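Same order as they appear, the protein sequences are chains P and G.
All residue numbers for the first sequence refer to the working numbering, where the first residue is 2 and numbers rise by one.
All residue numbers for the second sequence refer to the working numbering, where the first residue is 2 and numbers rise by one.
Where is the CB? At the ideal position from N, CA and C, for every residue including glycine.
Keep in mind the model is a prediction, meaning the values are calculated, not measured.
Protein chains: 2
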Amino acid sequence: MLKRDSLVNRCVKEILSMIFGGLYPSGGKLPGERVLCCKLGISRTTLRECLARLREMGVIEQHQGRGTRVKRFSRRMIPADYRQSDYGEVALDEIIVARAALETAAAEQAARRMTPAALRHLGKLLERMSDEGIGLADFIKADMEFHRAIIQGSGNRVLLTAFDAIRPFHKYSQLATSYLSNEARSTIAHHHRILAALKTGQSRRLATAILDHMNDMKRYVRRKSGSGGTVNGRGAYGPATSDPKGT
Amino acid sequence: MLKRDSLVNRCVKEILSMIFGGLYPSGGKLPGERVLCCKLGISRTTLRECLARLREMGVIEQHQGRGTRVKRFSRRMIPADYRQSDYGEVALDEIIVARAALETAAAEQAARRMTPAALRHLGKLLERMSDEGIGLADFIKADMEFHRAIIQGSGNRVLLTAFDAIRPFHKYSQLATSYLSNEARSTIAHHHRILAALKTGQSRRLATAILDHMNDMKRYVRRKSGSGGTVNGRGAYGPATSDPKGT
DNA sequence: GAAACTGGTATGAAAAACATACCAGTTTCG
DNA sequence: CGAAACTGGTATGTTTTTCATACCAGTTTC
């Protein structure tokens, strides 16, 4: 039975995910409606329907002239209908295990099959990530695209499908966001090693570079989960709500 | 960017998947419109919009009074927009690589975390597969459930999501169907080894057992692709298109 | 040859999503 | 201060999508 899932419904989920993922943290401000609806690719009318529902759930507060604020709230306040797959609730450890499995599996083929054009693309992504002025959202996006390109380079469409399926977990993991925010330098260094390995065509070396990258994230998780607390650090980045013109 | 995917669009993809999956084979008849729209849970108007598009693509033929027939056609005739369901086109090799990656990754945790109840469930599935009277469709179903249960036993929801995402590839792979059909005995033997490894709790041994299973499939593929030809062997099983009354 | 199917057509209603313009508060900054 | 540039709030009308219903026209079945 094919079910109809209205645009409003899907957008509510999307916004909730962004909040859970730490892109718009508790107490923080949401972008203006005119900006947000552009980002989501929907009309303002439709967006306002979403925001109205979020307001009823007690997730946000709206004040004429001042903007929209994310309230402190519990996940329990959210009706089951909107609780996608609880992406934000899985441990980063689980995500890393899965990603390591997929990416190292892709490594063997990717090291051989990657085209010069694809390598150039990876270089450009790395450049973009190294730019000082880049916002957190764009940094995360570039990181994801980098890893996806490697798998795509393997030519294995099944691996790519699997990777795409687990992307939301990563995207909405507060810890993952935190890692990329605070360990940007480390991330870029690892990516350089991965790219270098790709260029030599040595699949073994590539797999090692990828595993090192994953293990670095794991270590970060151990450190953070030890100190506890909600990790929110924006690091050297500006506000998460970059890109005021929309994408 | 959240895109609007109309119901018509999604239904076209769904119907295409059903055709590719062998539920409605080339030259066969589609159910009547009044039946089909019920199955899909949409109105007849909407369904007819889907069928009109499939007709334009040359996928089906409609004749007043006689019904709708699936034409012989190439996948190339299908616009990219509808091609998400290229499941049948990927090589079984790709599927095996991905499955091996996910299942061995799950092995480490699964060997330790698997509960007695889950082990009993696996035993029952194995029993069912060993039953002489089982049909092909049920055999495939049990096989899938067996492997899924292992990943589920690892407790890693990300791996499980990835596995579920690639299931359709497996389901719509004619070669995979062929393997399970012709090598049922071998499949069962491998499953016994996997279950035994699970019971000992040795993750290493479990991973090896899983890899052996995958490699056996790989060898089968090599043999078959050597002899060429479309492998369709239904073996001793009944028709795949059971459930004539609809679900 | 009637009954029971099949697809083909037409029409009207409801819902969903959109574009647009304008109102009313708040903040920013010259 | 006070205008300009934001913010959310409101209202209106249109387009697109989906649905429900009825009826027409061939084909098959018995």
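(message) Report the CB separation of G/S204 from G/E109 in whole angstroms; it is logged as a contact under 8 angstroms.
(response) 4 angstroms
(request) Would you check if the distance between the CB atom of P/Y180 and the CB atom of P/M215 is smaller than 8 angstroms? (result) no
(request) Could you tell me whether the region 156 to 170 of chain G touches the region 191 to 207 of chain G, where touching means 3 or more Cβ pairs closer than 8 angstroms? (result) no
(request) Look at the alpha carbon of G/Q63 and the alpha carbon of P/N10, and state the distance between them as a whole number of angstroms. (result) 36 angstroms
(message) My parser needs the alpha helix (DSSP H) runs of 4 or more residues fully inside the region 69 to 125 of chain G; what are they?
(response) 93 to 114
(request) Run the CB neighbour count on G/A118, radius 10 Å, all protein chains shown included, and call it buried at 16 or more, exposed below. (result) exposed
(request) Determine the chain P residues that contact G/F170 at a beta-carbon separation under 9 angstroms, and present them in chain order. (result) R158, V159 and T162
(message) Helix, strand or coil for P/I43? Go by DSSP, reduced to three states.
(response) coil
(request) Mark P/G124 as exposed unless 16 or more other C-beta atoms lie within 10 angstroms of its C-beta, in which case mark it buried. (result) exposed
(message) So with CB distances below 7 angstroms, who are the chain G contacts of P/A177?
(response) Those within 7 angstroms of P/A177 in chain G number zero; the least Cβ separation is about 12 angstroms.
(request) Please name the residues in the region 26 to 39 of chain G whose beta-carbon is closer than 9 angstroms to at least one beta-carbon of chain P, in chain order. (result) none
(request) Use the C-beta contact count for G/M78: other C-beta atoms within 10 angstroms, 16 or more gives buried, fewer gives exposed. (result) exposed
(message) Extract the residue ranges of the alpha helix (DSSP H) inside the region 127 to 201 of chain G, only unbroken runs of 4 or more that lie entirely within it.
(response) 137 to 155, 158 to 172, 175 to 183 and 185 to 201
(request) Quick one: using the 10 Å Cβ neighbour count with 16 as the cut-off for buried, is P/T69 buried or exposed? (result) buried
(request) Quick one: give me the first and last residue of the alpha helix (DSSP H) that G/L8 is part of. (result) L8 to F21
(message) To the nearest angstrom, how far is the alpha carbon of P/R114 from that of P/L160?
(response) 15 angstroms
(message) I'd like to know if G/I167 contacts chain P, where contact means its C-beta is closer than 8 angstroms to some C-beta of that chain.
(response) yes
(message) Would G/R114 pass as an interface residue toward chain P - the criterion being a Cβ-Cβ separation below 8 angstroms?
(response) no
(message) Taking a contact to mean a Cβ-Cβ separation below 8 angstroms, would you say P/I211 touches P/I189 in this structure?
(response) no
(message) Do G/A106 and P/A92 have their beta-carbon atoms positioned less than 8 angstroms apart in this structure?
(response) no
(message) Residues of chain G with CB closer than 7 angstroms to the CB of P/R5, please, in chain order.
(response) L8
(request) For P/V91, return the contacting residues in chain G, with the cut-off set at a CB-CB distance below 7 angstroms. (result) R158 and V159
(request) Go ahead and pull the three-state DSSP assignment for P/T231. (result) With a pLDDT of only 38 at P/T231, under the threshold of 50, the placement of this residue in the model should not be trusted; the figure read from the coordinates follows. P/T231 falls in the coil class under three-state DSSP.
(request) Tell me whether the beta-carbon of P/S18 lies closer than 8 angstroms to the beta-carbon of P/R73. (result) no
(request) Just the C-alpha distance for G/L41 and G/Y173, rounded to the nearest angstrom, thanks. (result) 19 angstroms
(message) Do P/L55 and P/M96 have their beta-carbon atoms positioned less than 8 angstroms apart in this structure?
(response) According to the sequence displayed, residue 96 of chain P carries Ile and not Met. No, these two residues do not count as a Cβ contact at 8 angstroms.
(request) Output, in sequence order along the chain, the residues in the region 96 to 110 of chain G whose CB is closer than 7 angstroms to any CB in chain P. (result) I96, V98, A99, A102, L103 and A106
(message) Quick check: P/A101 and P/H122, are their CB atoms within less than 8 angstroms of each other?
(response) no
(message) Measuring straight from C-alpha to C-alpha, what distance separates G/A53 and G/C12?
(response) 12 angstroms
(message) Whole angstroms are fine: how far does the CA of G/Q153 sit from the CA of G/H192?
(response) 16 angstroms
(request) Quickly, what does DSSP pair P/I61 with across the bridge? List them, please. (result) P/V71
(message) To the nearest angstrom, how far is the alpha carbon of G/P80 from that of P/A81?
(response) 36 angstroms
(request) To the nearest angstrom, report how far apart G/I141 and P/S131 are at their CA atoms. (result) 49 angstroms
(message) What does the alpha-carbon distance come out to for the pair P/G33 and G/I61?
(response) 48 angstroms
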